[in-house]
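To start, the structure itself, in structure tokens.
Chains as they are written, first to last, in our numbering: chain A, 1 to 132; chain B, 1 to 75.
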């Protein structure tokens with residue numbers, strides 16, 4: 001598993017972007033991706049130390065962000081990793097007590113590669129992204 | 001027996017709630033703390049307690065205690 005990004009939930013992309021830019025020196029900013037399957041808008045910001053932050057805001061009525069923002073809980077939402085052998089990794093994570101939050105879904109921001117979110121036994125969320 | 005063990009899982013997952021004896025109609029949202037993440041913790045505990053594994057489809061679709069009971073019976 002190769003670290004890819006940290007996902008942060010925010011009420012809007014512009015607000016999240018403004019806040020990140022206020023304290024980090026930024027190298028790159030992506031375009032905004034609209035993903036109706038996942039119910040999110042996302043933007044990636046890479047900082048000077050090559051850490052990528054994924055700013056995630058709600059898209060549509062059914063989205064995973066609204067409740068998190070309302071409860072102000074899990075704002076620093078997930079850590080994402082790119083993985084080879086996506087299917088094998090899912091089986092392995094399940095064996096080790098990781099619980100899937102969603103079914104594997106193709107993500108617009110990752111060229112329609114599959115992603116899946118898991119609650120780890122340590123009670124935080126990871127995302128795995130299918131790697132080429 | 002299944003319902004008794006399932007009730008024990010509910011008590012362990014939601015220690016501050018008073019879990020009634022008849023758990024059949026309980027589901028995600030029955031208690032304030034029973035959100036999607038708490039529900040996953042419940043399902044993981046159920047897997048451990050009953051020594052079973054749910055598939056991804058099952059993990060993301062089993063939202064009611066009645067559904068969980070039926071699924072355990074089929075395992």
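Each residue gets a CB set at the ideal place from its N, CA and C atoms; glycine is no exception.
_residue 32/A - DSSP class collapsed to helix/strand/coil_ = coil
*Per DSSP, which one or two residues make a beta bridge with residue 57/A?*
41/A
*Can a CB atom of chain A be found closer than 7 Å to the CB of residue 45/B?*
no
*Starting from residue 4/A, follow its DSSP beta bridges and name the residues at the other end.*
Answer is none; residue 4/A lacks a bridge partner.
*Just by C-beta distance, which residues in the stretch 21-41 of chain B are closer than 8 Å to chain A?*
35, 36, 37, 40 and 41
*Compare the C-alpha of residue 74/A against each of 42/A, 43/A, 44/A and 8/A and name the closest.*
8/A
_One question on the structure: do residue 131/A and residue 65/A come within less than 7 Å of each other, judged by their Cβ atoms?_
no
*Report yes or no: do the stretch 20-29 of chain A and the stretch 87-103 of chain A share at least 3 C-beta pairs separated by less than 8 Å?*
no
*Let me know the secondary structure DSSP gives residue 31/B once reduced to three states.*
coil
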